[in-house]
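Reading through the structure tokens given below for one structure.
Residue numbers (the working numbering): 2 to 477.
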């Protein structure tokens, strides 16, 4: 069979499969289809057919379906969490939290569905105007492997609530949880064609979704280079685009901070999910007056972390996602040592041996005595490696916090409100935490500045991003 898709002649091929690997063992646990442009075309066609009926439903009706799906997820959260840990690697308790977080996102959007109304504008002698929000049409979403359930919720819930249909591509590295969550949405009452999941490689399926002229919005979470390509390809069709492209989040610990609380925050903020989180703490700036005590306490706590298979309830940190991710972290640390860019205070090793099998484990690592050009301070390090830099004053801390091309999140640890105000107003980031890091409830808009992306997830603003306004101007 021959057909033209996106201006290219393509032909059918034998079906291929992509293995899904447990990163804690290196073993294949399942396979998913390696989608082609045929599957993309079929998914978009199904989304187009389903669009009119779905868009005509009230926002409240669509919200009730999301609410039912959230209930099903909560009923099955233990099974879903085990699946997530098996394919992605994070500790089981963190997978439980992520699955519950996904349900929370659906419940938030279901909860606001009845309050999402248009506007009436009195124009005096000119008349009156009505402004309503309409869905965009078929939307495309492409997500990574690190937080598949939560990121899926961020994209699907506001898009579907607004009346759009969706073509969704999960990561090939962690597709199974997403497929299970999509199945529960279908069981909750989502009509056929409203949500279409296509598994496959990014350069084929992902690019096919971005290029397809019938897809009117693209929401992408991933690396900056790929995000830039998505932006350029989508721009050729004047598509709406939102991009979340990662970050190099600074954590500033001021001299009056609660050191114990800040140490716990640094451990959680950096080593949660083995450091494989866009908003993880990736650079730590500590006031020099407390730096010695802070670093000593942090080193002790990091060396107490237990690393292993996420299914073991005793462990604190699981494996990296795969061989390529492990090799990238090894390369970063080797660069620091080879070029004399810092001192490995603890860690810095691949963990191997009978206890770790064929898994992709790396020791939690702290680096001190960094030079300004240290690679750990310039690049996004997606793994359990944390550079620590003492700073003499707030001006220096803010300058260093702003010294990268990224601007996703940041945190300040202090009791001084004036310090909070200065950091909040001066640090380039989409979200600033005070005395905490990482937490992103669905009520809070989330996204980056500079090269961390464009657009926002979460909150009412994310719902608005999946709509366009249409105005009715009436004269009497």
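For glycine and all other residues, C-beta sits at the position ideal for the given N, C-alpha and C.
Expected contact under 8 Å - CB spacing of residue i and residue j to nearest Å
| i | j | result |
| --- | --- | --- |
| residue 386 | residue 371 | The pair is not a contact, with the Cβ atoms about 11 Å apart (cut-off 8 Å). |
| residue 149 | residue 175 | 5 Å |
| residue 85 | residue 99 | 6 Å |
| residue 164 | residue 136 | 4 Å |
| residue 171 | residue 198 | 7 Å |
| residue 300 | residue 336 | So it is not a contact: roughly 22 Å between Cβ atoms. |
| residue 205 | residue 323 | Between residue 323 and residue 205 the Cβ distance is about 19 Å, and since that is not below 8 Å, they are no contact. |
| residue 144 | residue 200 | Residue 144 to residue 200, Cβ: 12 Å. No contact. |
| residue 458 | residue 245 | 7 Å |
| residue 429 | residue 403 | 5 Å |
| residue 25 | residue 319 | 6 Å |
| residue 302 | residue 268 | 5 Å |
Cross-strand partners of residue i (DSSP beta bridge)
| i | result |
| --- | --- |
| residue 29 | 22 |
| residue 473 | 131 |
| residue 222 | 245 |
| residue 352 | 362 |
| residue 169 | 142 and 198 |
| residue 286 | 253 and 390 |
| residue 380 | DSSP output for residue 380 lists no bridge partner at all. |
| residue 455 | 244 |
| residue 65 | Residue 65 is not bridged to any residue. |
| residue 306 | Paired residue(s): none; residue 306 is not in a bridge. |
| residue 73 | Its beta-bridge partners do not exist; DSSP assigns none. |
| residue 479 | Outside the shown range of the chain (2 to 477) lies residue 479, about which nothing can therefore be said. |
| residue 367 | 347 and 387 |
When the options are compared against residue i, the one with the closest alpha-carbon
| i | options | result |
| --- | --- | --- |
| residue 283 | 207, 155, 419 and 409 | 409 |
| residue 361 | 460, 275 and 113 | 275 |
| residue 447 | 45, 126 and 151 | 151 |
| residue 83 | 454, 94 and 373 | 94 |
| residue 278 | 344, 398 and 382 | 382 |
| residue 465 | 159, 19, 318 and 187 | 159 |
| residue 437 | 261, 356 and 310 | 261 |
| residue 19 | 25, 34, 30 and 28 | 34 |
| residue 254 | 302, 305 and 421 | 421 |
| residue 351 | 74, 203, 237 and 328 | 328 |
| residue 157 | 147, 142 and 146 | 142 |
| residue 461 | 110, 22 and 75 | 110 |
| residue 103 | 78, 154 and 212 | 154 |
| residue 330 | 302, 310, 377 and 313 | 377 |
| residue 273 | 92, 140, 229 and 312 | 92 |
| residue 238 | 224, 218 and 266 | 218 |
| residue 76 | 177, 57, 185 and 47 | 185 |
| residue 191 | 162, 270, 178 and 334 | 162 |
| residue 307 | 334, 356 and 297 | 356 |
| residue 379 | 358, 80 and 407 | 407 |
| residue 52 | 196, 39 and 179 | 196 |
| residue 456 | 228, 434 and 266 | 228 |
| residue 366 | 353, 210, 388 and 411 | 388 |
Residue burial classification, residue i (beta-carbon count within 10 angstroms, cutoff 16)
| i | result |
| --- | --- |
| residue 89 | buried |
| residue 66 | buried |
| residue 286 | buried |
| residue 233 | exposed |
| residue 452 | buried |
| residue 173 | buried |
| residue 118 | exposed |
| residue 167 | buried |
| residue 13 | For residue 13, the predicted structure reports a pLDDT of 42, less than 50, and the residue's modelled location is therefore unreliable. The matter cannot be settled from this model. |
| residue 474 | exposed |
| residue 463 | buried |
| residue 16 | exposed |
| residue 121 | exposed |
| residue 21 | buried |
| residue 288 | buried |
| residue 30 | exposed |
| residue 3 | Confidence in residue 3 is poor, its pLDDT being 29 and thus under 50, which makes the residue's placement unreliable; the coordinate value appears in the next sentence. So residue 3 counts as exposed. |
| residue 240 | buried |
| residue 314 | exposed |
| residue 368 | buried |
| residue 250 | buried |
| residue 309 | buried |
| residue 476 | exposed |
| residue 214 | exposed |
Any non-hydrogen atom of the ligand FAD within 8 Å of residue i CB
| i | result |
| --- | --- |
| residue 284 | The model depicted lacks the ligand FAD and carries no ligand whatsoever. |
Whole beta strand (DSSP E) elements within the stretch 88 to 141, 3-residue minimum
Runs found: 120 to 123 and 129 to 136.
Please give the ranges of any beta strand (DSSP E) in the stretch 402 to 429, keeping only runs that are unbroken, at least 3 residues long and fully inside the region.
The beta strand (DSSP E) runs lying completely inside the stretch 402 to 429 and spanning 3 residues or more are 410 to 414, given in chain order.
Could you tell me which whole beta strand (DSSP E) segments of length 3 or greater appear in the stretch 31 to 55?
Taking only runs of at least 3 residues, no beta strand (DSSP E) segment lies wholly in the stretch 31 to 55.
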